[in-house]
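Numbering (the working numbering), first residue to last: 49 to 510. Beta carbons are placed, not taken as given, at the ideal position from N, Cα and C, and that holds for glycine. Below: the structure, in structure tokens.
Right, dumping it as structure tokens:
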């Protein structure tokens, strides 16, 4: 079974014959890109969804080039054709709805200057001609497995999560124009489907969600017609910038806690806190802009996780209430070293060693506060400690929102809800976490401050 071919032309990047290796495809794509960059007059044959998308992308990328698009068969209504006015009236040719065929059939992409003529006698001069017409769906593999998985039009039937409809094939996923999923059969929606799928798989590997619980929600996009050749890219950039600003501002909630550490002259804790704030800024920027800022997004994320764990463990060291500064120094540096090692050991598909490390320090603090008979344990400010626990619980609750919605494709795929759901949940977690750390640092004693204590204690290591 295959979908009927509506046009005689092929994709502009289609391989000849059965040549389908990755390297051949890359070489073909590089050649087409090189020719497009050299040409000043581009002729796109095919004004359907594929041809429109290609022409709009060319005009957006090269606004000074003349992009001519030949409209397809009369499947578009006259009203739609009125909406599909040329991007560049002087450079765009639009054939009559009843006579849109060329007098000479093009058998493939052509990278030389030539003049094409339609049946009305209109000539179109161009430096490069690209065929962007109909296509045949390749579903033979699925048909051989189970013919009921392909509908009467040749599309692979999928669920809203892009998995095949039959539960026995839930591990098979179909993206883009091969599936009968709702989004238009165009490159941009297919790219967003891939990003959504990548985010879901990453969340599953990190064990932050059960597999594929959330459907892919296609963002609302306007048809690639008229002057809107950039779709909603501008809107998405603005949303990404807004999300970055929102998360960067909420990251600043940690500043009051840094002020407490500075006042108490806790130099190492201050170093970790300031460093973590800077790394979080870089991570949020790389995530929102989807760009490499010296390091990749995941590398910034890795360092941010290490410093966040270290920062919490340093607080646990103070909660233990040791008056011996030598012991405190050893516990601090061990916390930093083990945080790095445990995160490297766990990677992104596990948190076992990180949880064990945090649990060991929390258990040490709990033992010192609740079970130890050591009379030298420094007392806490109970009122501040209660507020710290309250804000910590609220931060954990808010932090559950990004985990729960992690596979919806919003945060990972850059959807239009960047400031709702996932983004807003992260921002609330930052604010509440900042308040929790602020009151926690106010609650713990600072018995070894070198400059503020009347009878300061000194370490043999400094």
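Across the structure, residue 393 and residue 243 are spaced so that their CA atoms are roughly 26 Å apart. Only residues of its own chain outside the window of five on either side were considered, and among them 345 have a CB closer than 6 Å to the CB of residue 335, listed in chain order. Bridge partners of residue 206 according to DSSP: 212.
Out of 343, 490, 113, the CA that lies nearest to the CA of residue 311 is found in 490.
Within 10 angstroms of the beta-carbon of residue 444 lie fewer than 16 other beta-carbons, which makes it exposed. Closest option to residue 214, judged by alpha-carbon separation, among 381, 194, 223, 203: 194.
The alpha-carbon of residue 398 is positioned some 15 Å away from that of residue 349. Proximity to residue 352 across 227, 324, 428 peaks at 324, based on C-alpha coordinates. For residue 173, the beta-bridge partners assigned by DSSP are 163. Taking residue 430 as reference, the option from 367, 320, 419 with the minimal CA-CA separation is 367. Within the same chain, Cβ atoms closer than 7 Å to the Cβ of residue 318 are found at 306, 309, 310, the five residues on either side in sequence being excluded. Non-local beta-carbon contacts of residue 217 in its own chain, meaning distances under 8 Å to residues more than five positions away in sequence, involve 193, 194, 197, 211 in chain order.
Secondary structure note for residue 118: its beta strand (DSSP E) is the uninterrupted segment 114–118. Under the three-state reduction of DSSP, residue 89 is assigned to strand. Around the beta-carbon of residue 342, fewer than 16 other beta-carbon atoms lie within 10 Å, marking it exposed. Comparing alpha-carbon positions, the option among 292, 190, 321 lying closest to residue 302 turns out to be 321. For residue 415, there is no enclosing alpha helix (DSSP H), as DSSP gives it neither H nor E.
Distance from the CA of residue 328 to the CA of residue 488, rounded to the nearest whole angstrom, comes to 21 Å. Under the DSSP assignment, residue 383 falls in the alpha helix (DSSP H) whose first and last residues are 373–394. Taking 8 Å as the cut-off, the beta carbon of residue 304 is found closer than this to the beta carbon of residue 482.
Look at residue 198 here: in three-state DSSP terms it is strand.
According to DSSP, residue pairing for residue 158 in a beta bridge involves 177. Counted as a single uninterrupted DSSP element, the alpha helix (DSSP H) harbouring residue 311 occupies residues 303–311. When the Cα atoms are used, residue 82 and residue 103 turn out to be separated by approximately 16 Å. Here DSSP, grouped into helix, strand and coil, assigns residue 341 to strand. Under the three-state reduction of DSSP, residue 239 is assigned to helix.
If you check the CB distance, residue 106 and residue 93 do not come in under 8 Å. A residue is called buried once 16 or more other Cβ atoms fall within 10 Å of its Cβ, and residue 112, having fewer, is exposed. Inter-residue distance for residue 387 and residue 347 is about 15 Å (C-alpha atoms, whole angstroms).
In the DSSP assignment, residue 221 forms a beta bridge with 211.
At a Cβ-Cβ threshold of 8 Å, residue 361 and residue 406 count as neighbours.
In the three-state reduction of the DSSP assignment, residue 227 falls in the strand class, which pools E and B. Between residue 358 and residue 384 a beta carbon distance of about 5 Å is seen, short of the 8 Å cut, so the two are scored as contacting.
With a contact defined as Cβ atoms closer than 8 Å, residue 478 and residue 199 miss out at about 46 Å.
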